[in-house]
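Asker:
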Amino acid sequence: MGNGASRVTNHGQDPSKPKPKTPSSSLSSRCVTETATATHSFEVPSFSRLLEGMGAGKFVTSSTFRAGGRGWNIRLYPDGLREEHKGHASVFLCLADGAADVWAKYTLSLLDRHGKVSQLCNVSLKASHTFESVGNCWGYPSFVEKSKLEQLLRLDAADCFTIRGSAKRVTRRQASSFVCILGSF
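Written out as structure tokens, the structure is:
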């Protein structure tokens with residue numbers, strides 16, 4: 001030892017054998033997405049009377065339908081949401097009841113008398129939104145021009161049209177995490 005060499009201590013391990021592997025770990029988790037969808041047809045009879053003028057900001061509401069444990073309804077503003085929209089009918093999906101802060105994908109469509117998306121107006125709009133509180137509404141201030149609705153009504157002797165609303169509530173929940181130990185022991 002007086003030659004300046006350092007001494008390596010093996011603590012009982014044979015240096016000719018490979019060193020044992022140290023176990024490694026991996027942490028994983030899973031995000032599970034659940035959805036619940038409902039479709040509701042909101043029939044608007046005698047619409048020609050509504051076209052005579054309710055005034056901007058005035059609306060009619062569908063009955064409440066349920067999707068994902070929440071109540072939803074469709075609001076139709078025949079003279080538009082505000083004065084600047086008065087040449088259009090405005091349509092919105094509203095959270096009617098249930099817990100707030102719910103994210104939903106939705107579609108609002110104008111149907112013809114055969115229950116198909118109207119080719120005359122060709123209105124079927126899709127979006128997603130987080131509804132932050134009961135009464136929160138999201139939709140389209142310029143859903144369809146009133147002149148196109150008048151044309152649609154002339155084709156339908158029943159003086160009626162239908163707005164179909166489809167709401168899909170999307171829930172993300174975190175599943176439990178788990179640990180995987182990899183390596184040899």
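By the UniProt record's numbering, the letter at position 37 of the sequence shown is numbered 37, and the numbering carries on one by one without gaps.
A virtual CB, placed ideally from N, CA and C, is assigned to each residue, including glycine.
All figures in this text were calculated on a predicted structure; none of them were measured in a lab.
Spell out a yes or no on whether the region 61–70 and the region 96–111 are touching, meaning 3 or more CB-CB pairs, one atom from each, closer than 8 angstroms.
Answerer: In short, these stretches touch, since the Cβ pair count reaches three.
Asker: From Ala89, Leu108 and His40, pick the residue whose C-alpha is nearest to that of phenylalanine 47; which is it?
Answerer: Indexing the sequence shown from 1 puts residue 47 at position 47. Of the listed residues, the one whose Cα sits closest to phenylalanine 47 is Ala89.
Asker: If we cut at 9 angstroms on Cβ distances, does isoleucine 74 have a partner in chain B?
Answerer: Looking at the structure shown, chain B is missing, and only one protein chain is on hand.
Asker: Is glutamate 83 helix, strand or coil when you go by DSSP?
Answerer: Working through the sequence shown from its first residue, we reach residue 83 at position 83. Glutamate 83: helix per DSSP, three-state reduction.
Asker: So the beta strand (DSSP E) leucine 125 belongs to, where does it begin and stop?
Answerer: For this step, residue 125 is matched to residue 125 along the sequence shown. Residues 124–131.
Asker: Taking phenylalanine 92 as the reference, which of Arg154, Arg113, Leu149 and Asn136 has the closest Cα?
Answerer: Your numbering for residue 92 matches position 92 in the sequence shown. When only C-alpha atoms are compared, the closest one is Asn136.
Asker: I'd like the list of long-range same chain contacts for histidine 40, defined as Cβ closer than 6 angstroms, with 5 residues on each side in sequence excluded.
Answerer: Within the sequence shown, numbered from 1, the residue matching residue 40 stands at position 40. The residues are Phe65 and Gly165.
Asker: Taking the alpha helix (DSSP H) that phenylalanine 47 belongs to, which residues open and close that run?
Answerer: For the purposes of this step, residue 47 is taken as the residue at position 47 of the sequence shown. Start and end: 47–51.
Asker: When you compare only the Cα positions, how much space is there between cysteine 31 and tyrosine 140?
Answerer: Translated into the one-based positions of the sequence shown, residue 31 becomes position 31. Translated into the one-based positions of the sequence shown, residue 140 becomes position 140. Summary for cysteine 31: the model assigns pLDDT 47, below 50, so the residue's position carries little reliability; its value from the coordinates is reported in the next sentence. About 32 angstroms.
Asker: Whole angstroms is fine: what's the gap from lysine 148's alpha carbon to leucine 108's?
Answerer: What you label residue 148 is simply residue 148 of the sequence shown in a count that begins at 1. What you label residue 108 is simply residue 108 of the sequence shown in a count that begins at 1. Computed Cα separation, rounded: 17 angstroms.
Asker: Evaluate leucine 155 with the Cβ neighbour count: other Cβ atoms within 10 Å of its Cβ, from every protein chain shown; 16 or more gives buried, anything less gives exposed.
Answerer: Here the question's residue 155 lines up with position 155 in the sequence shown. Exposed, because fewer than 16 other Cβ atoms sit within 10 Å of the Cβ of leucine 155.
Asker: If I follow the unbroken beta strand (DSSP E) through arginine 75, where does it start and stop?
Answerer: What you label residue 75 is simply residue 75 of the sequence shown in a count that begins at 1. That run of the beta strand (DSSP E) goes 70–77.
Asker: If phenylalanine 59 sits next to threonine 162, beta carbons under 8 angstroms apart, how far is it from one beta carbon to the other, in whole angstroms?
Answerer: For the purposes of this step, residue 59 is taken as residue 59 along the sequence shown, with counting starting at 1. For the purposes of this step, residue 162 is taken as residue 162 along the sequence shown, with counting starting at 1. About 17 angstroms; that fails the 8 angstroms criterion.
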